[in-house]
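These notes are about the structure you will find just below.
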Amino acid sequence: MAQTLSIASCYDSLAHIKPHLDATSTTLKPANAISFRRGLSSISFGKQEDLFGCSKLVSLSFFERQCSRRNVGKFSPRAVAVKEKEVKTTSPAMEEGGKGKKVMVVGGDGYCGWATALHLSNRGYQVAIVDSLVRRLFDQQLGLDSLTPIVSIQKRIKRWKQVSGKQLDLFVGDVCDFDFLAEAFKSFEPGAVVHFGEQRSAPFSMIDRGRAVYTQHNNVIGTMNVLFAIKEFCPECHLVKLGTMGEYGTPNIDIEEGYITITHNGRTDTLPYPKQASSFYHLSKVHDSHNIAFTCKAWGLRATDLNQGVVYGVITPETAEHEELINRLDYDGVFGTALNRFCVQAAVGHPLTVYGKGGQTRGYLDIRDTVQCVEIAIANPANPGEFRVFNQFTEQFSVNDLAKTVIKAGEKLGLEVRTINVPNPRVEAEEHYYNAKHTKLIELGLQPHFLSDALLDSLLNFAMRYSDRVDMAQIMPAVSWKKIGVKPRSSASEVKF
Numbered sequence: 001m002a003q004t005l006s007i008a009s010c011y012d013s014l015a016h017i018k019p020h021l022d023a024t025s026t027t028l029k030p031a032n033a034i035s036f037r038r039g040l041s042s043i044s045f046g047k048q049e050d051l052f053g054c055s056k057l058v059s060l061s062f063f064e065r066q067c068s069r070r071n072v073g074k075f076s077p078r079a080v081a082v083k084e085k086e087v088k089t090t091s092p093a094m095e096e097g098g099k100g101k102k103v104m105v106v107g108g109d110g111y112c113g114w115a116t117a118l119h120l121s122n123r124g125y126q127v128a129i130v131d132s133l134v135r136r137l138f139d140q141q142l143g144l145d146s147l148t149p150i151v152s153i154q155k156r157i158k159r160w161k162q163v164s165g166k167q168l169d170l171f172v173g174d175v176c177d178f179d180f181l182a183e184a185f186k187s188f189e190p191g192a193v194v195h196f197g198e199q200r201s202a203p204f205s206m207i208d209r210g211r212a213v214y215t216q217h218n219n220v221i222g223t224m225n226v227l228f229a230i231k232e233f234c235p236e237c238h239l240v241k242l243g244t245m246g247e248y249g250t251p252n253i254d255i256e257e258g259y260i261t262i263t264h265n266g267r268t269d270t271l272p273y274p275k276q277a278s279s280f281y282h283l284s285k286v287h288d289s290h291n292i293a294f295t296c297k298a299w300g301l302r303a304t305d306l307n308q309g310v311v312y313g314v315i316t317p318e319t320a321e322h323e324e325l326i327n328r329l330d331y332d333g334v335f336g337t338a339l340n341r342f343c344v345q346a347a348v349g350h351p352l353t354v355y356g357k358g359g360q361t362r363g364y365l366d367i368r369d370t371v372q373c374v375e376i377a378i379a380n381p382a383n384p385g386e387f388r389v390f391n392q393f394t395e396q397f398s399v400n401d402l403a404k405t406v407i408k409a410g411e412k413l414g415l416e417v418r419t420i421n422v423p424n425p426r427v428e429a430e431e432h433y434y435n436a437k438h439t440k441l442i443e444l445g446l447q448p449h450f451l452s453d454a455l456l457d458s459l460l461n462f463a464m465r466y467s468d469r470v471d472m473a474q475i476m477p478a479v480s481w482k483k484i485g486v487k488p489r490s491s492a493s494e495v496k497f
């Protein structure tokens, strides 16, 4: 029988995590748990298969029972799939697909990572997922859960092989552990690395000191380790790094794609666009960008920084193939994103939570465009020594714009939807100028899925289908930028991090 591990015990040897975990938590540390480093040292890093037929370094089963505890009925295509013509890119480099090119997807068990891993696999790339599975632990610590019932990563991979006939390699471990990451790189030998493997929530990073420090350490040091691994083991490898439009803030001038040409005192230069991050999470992304840019210059690495806007939606063609391939959908105030949250709120009869005046404007994109953009970047790699930046979004909306579209779509389904203006928990401008450029991915062949009535209808039906899984207590925001250190309201808020 496979040995059971907990995520908490996996971090037993990692000094940056251990001080923040609750040493008395029996639910997170079963008696038979083994430490992560000991678990790794006992396993050959060659091609092995676990009980699910997954290539691996080490396999975890701790979350399998928790993630499979609810039985959900047969997949309902109407509540899930958006019937639209398949989008095909025009980039010549993408016409033949991956054709066996090896791509390592760091953070491949997450919201963007899972959809991307399946998309690339379906396109012919040989894909390996690297993930610590710690995102699942965050839900347990804060008493949160995905709207959708997600099964273990091993079951996901097994089901994908059954559905598609394609194998996903799996490396379970923390990128902050360089020994683990080095073995993963040497074993898989990637030609491209897609790096999603970061703590991606601004509210999470603002809960308290422990989570702020964790976010910065995990994101910045993890990315540093990825850079050193590329330099040491595959210097020709192309890094595709998920950044964020939040690096730029909301300046009163147009936002360029990474660089801006400035004339000052009679001299002109092209410089990195100024950064105005608004949380410890966004600051970690700024630090990542600086570190990547430096290593491209100093070591000749090649990298593409995808400054992504706010993602919405849950379905891609691959995740719609089977219920065990379903993606996670967060609706809570910590990990949920605006449009997804609004659709869930509308589905359960909760007023749409507009923060402050609602004029906050950002770039948005469908998750189907996220996976398309990543493939475009891989198929059109940066040159050696080049650090290029793409702004990855397709449309701009204010929070009020989104609320109006959801109200209109909800009315068509017979839902009574209204808004409430709640005190803004963030420190941000609520009315501002916003005009961000986003032409580079379009020029390389991106054909966007714009926000449509069909998508909103699908997302609302999807939310209604799983409405019995909604915890109403998790809808209102509970993390304040100005009151950092105050525990968020949750059934597990007493669990220390």
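Start counting the sequence shown at 1; every next residue gets the next number (full-length UniProt numbering).
No residue lacks a Cβ here, since even glycine has one placed at the ideal position from N, Cα and C.
Which of helix, strand or coil does DSSP assign to residue i?
i	result
Thr215	helix
Lys102	strand
Leu301	coil
Leu415	coil
Val486	coil
Asp269	strand
Tyr434	coil
His290	helix
Glu247	helix
Tyr364	strand
Gln276	coil
Ser284	helix
Ile407	helix
Thr394	coil
Tyr466	coil
Asn421	strand
Ile262	strand
Leu441	helix
Asn307	strand
Leu40	Residue placement at Leu40 is poorly supported in this model, since its pLDDT is 29, which falls under 50; the coordinates still yield a value, given next. Here Leu40 sits in helix by DSSP.
Sorted by chain position, which residues of the same chain lie with C-beta nearer than 7 Å to residue i's C-beta, five sequence neighbours on each side aside?
i	result
Glu375	Met94, His119, Leu120 and Arg123
Ser480	Pro425 and Val486
Cys237	Pro190, Gly191, Ala192, Val193 and Ile230
Phe450	Thr394 and Glu395
Leu441	Cys373, Ile376, Phe390 and Gln392
Leu159	Per the sequence shown, residue 159 should be read as Arg rather than Leu. So the list reads His322, Glu324 and Leu325, once near-sequence residues are dropped.
Asp208	Ile484 and Gly485
Report all residues from its chain with a CB closer than 6 Å to the CB of residue i; omit the five preceding and five following residues, and keep chain order.
i	result
Asp332	Leu144 and Gln474
Asn400	Gly358
Asp453	none
Val220	Ser284 and His287
Met206	Ser279, Val479, Trp481 and Ile484
Lys275	Glu247 and Val286
Phe397	Tyr364
Asn421	Val354
Arg135	Gly110
Val427	Trp481
Assign residue i to one of two classes, buried (16 or more other C-beta atoms within 10 Å of its C-beta) or exposed (fewer than that).
i	result
residue 534	Because the chain is modelled from 1 through 497, residue 534 falls outside the range shown and cannot be assessed.
Thr361	buried
Thr270	exposed
Asn225	buried
Asn380	buried
Asn435	exposed
Thr261	exposed
Asn340	buried
Ile367	buried
Ala338	buried
His438	buried
Ile292	buried
Tyr433	exposed
Flag residue i as yes when its Cβ comes closer than 6 Å to any non-hydrogen atom of the ligand HEM, and as no otherwise.
i	result
Ser201	You won't find the ligand HEM in this model; it holds no ligand whatsoever.
Please go through the same chain and pick out, in chain order, the residues whose beta-carbon is closer than 8 Å to the beta-carbon of residue i, but skip the five residues on each side of it.
i	result
Gly300	Pro235, Pro384 and Gly385
Glu430	Tyr355, Gly356, Lys357, Gly358, Gly359, Gln360 and Asn424
Val240	Ala192, Val193, Val194, His195, Ala303, Thr304, Leu306, Val374, Ala377 and Ile378
Asn319	For the sequence presented, residue 319 should be read as Thr rather than Asn. So the qualifying residues of the chain are Trp114, Ala115, Leu118, Leu325, Ile326 and Asn327.
Ala277	Gly246, Glu247, Gly249, Leu283, Lys285 and Val286
Lys297	Gly385 and Phe387
Tyr259	Thr270, Leu271, Pro272, Tyr273 and Val389
Could you round the C-beta distance between residue i and residue j to whole angstroms and report it? I think they count as a contact, below 8 Å.
i	j	result
Phe185	Phe233	4 Å
Thr419	Pro351	6 Å
Gly222	Glu198	7 Å
Thr148	Val344	Incorrect: roughly 11 Å between the Cβ atoms, too far for contact.
Ala415	Ala346	Rather than Ala, the amino acid found at residue 415 in this sequence is Leu. Contact flag correct, Cβ pair sits at about 6 Å.
*Which full runs of the beta strand (DSSP E) of 3+ residues lie inside the segment 195-244, going along the chain?*
238-244
_If we require 4 or more residues per run, which alpha helix (DSSP H) segments fall completely within the segment 114-199?_
134-142, 153-164 and 178-188
_So within the segment 310-391, which uninterrupted alpha helix (DSSP H) runs reach at least 4 residues, ignoring any that extend past its ends?_
338-347 and 367-379
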